[in-house]
Amino acid sequence: MSIQFLGMIGHRLSSETIAPVGPIFDRDYIVRFAQTHEAAGFDRLLVGHWSDQPDGFLVTALAGLSTQHISFLLAHRPGFVSPTLAARKFATLEHLLGGRLAVHIISGGNDAEQRRDGDYLDHDQRYARTDAFLETVRKVWTAEQPVDIANDFYQAEQAWSAIRPLQKPHIPLYFGGSSEAAIAVAGKHANVFALWGESLAQTAETIQRVRAEAAKHQREIDFSVSFRPIIAATEAEAWEKAEHILHVATERVGAERRRFQSQARQRRGAASAGDGGAG
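Numbering of the sequence shown is given in the working numbering, commencing with residue 30 and proceeding in unit increments.
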């Protein structure tokens, strides 16, 4: 079993504890940040998606053209780009980066965030749309001749992409979520299921659910887990540092965090607030 190490890149210097610094699209920062991760031996960088921030496709392109070996994980939210066009955009970016691309599909966990871009579907409807989106994208990527698309969310006639993914059978797809709707989509489509740093018991439960769902489709899925390491000279100092980060982050973004509705985020919050939870 191979292990990969993933980082995350932004479009300018900022974090939960650092107020944004520099231009909104800081080219020098993006290049420096990507190259630093590559020099440190990271395998892949996540490029996030928000409804009010610079386009992730272009952040990924700039970072990718500034590096040689590190791969990228582009977050993408279905519902705003036709899946037939998205399939070509993903494949084109993958060619630009010489195959160093995976896509992380996020259905959306915040109504206010979705509505900024004109999306008014509820939680379960968003996951149903994601299912239709991924079914279409995968079909366009792998079809040997033009195909017709007809489902509850998308219709197209003779859809075809002349540019095909370099990776076979297609660009790797990451996916996450704790709801039944999310697990069902993951079982059908995901190559890698993304977990938050929840307790060991919660993590084991989710892995079991995902594997059981994937087995219904004769599929196997890999897993990733996201942690925020807190590093200091001693464990006591690390805990002190963690408490300080939590306090500052809560003051800065606590209200926004509480508005999120996705079940995965709610579970992560419960795990971090409990006593004895890992992660």
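Even glycine gets a Cβ: it sits at the ideal position worked out from N, Cα and C.
- Look at residue 261 here: in three-state DSSP terms it is coil, with no helix or strand label.
- Contact check for residue 88 against residue 54 passes: the beta carbons are separated by less than 9 Å.
- Per DSSP, the beta bridge partners of residue 35 are 73.
- The shortest C-alpha to C-alpha distance from residue 144 to any of 174, 178, 106 is the one to 106.
- At a Cβ-Cβ threshold of 9 Å, residue 179 and residue 113 do not count as neighbours.
- When C-beta atoms of the segment 143-163 are compared with those of the segment 82-101, fewer than three pairs fall below 8 Å, so the two segments do not count as touching.
- It is roughly 40 Å from the alpha-carbon of residue 218 to the alpha-carbon of residue 261.
- Of the residues 199, 234, 263, the one whose Cα lies closest to the Cα of residue 166 is 199.
- In the DSSP secondary-structure assignment, residue 166 is not bridged to any residue.
- 122 is the residue among 122, 266, 278, 108 whose C-alpha sits nearest the C-alpha of residue 131.
- Each of 190, 155, 181 was checked against the Cα of residue 172, and the nearest Cα belongs to 190.
- Using a 10 angstroms sphere on the CB of residue 155, the tally of other CB atoms reaches 16 or more, which defines it as buried.
- With a beta-carbon spacing of about 5 Å, residue 85 and residue 76 fall inside the 8 Å limit used to define contacts.
- In this structure, residue 204 lies near residue 134, with their beta-carbon atoms less than 9 Å apart.
- Under a 10 Å Cβ-count criterion, residue 35 is classified as buried, with 16 or more other Cβ atoms of the shown protein chains found around its own Cβ.
- Boundaries of the beta strand (DSSP E) harbouring residue 133: 130-134, taken from the DSSP string.
- Here DSSP, grouped into helix, strand and coil, assigns residue 101 to strand.
- Between residue 38 and residue 72 a beta carbon distance of about 13 Å is seen, past the 8 Å cut, so the two are scored as non-contacting.
- Here residue 205 is bridged, per DSSP, to 223.
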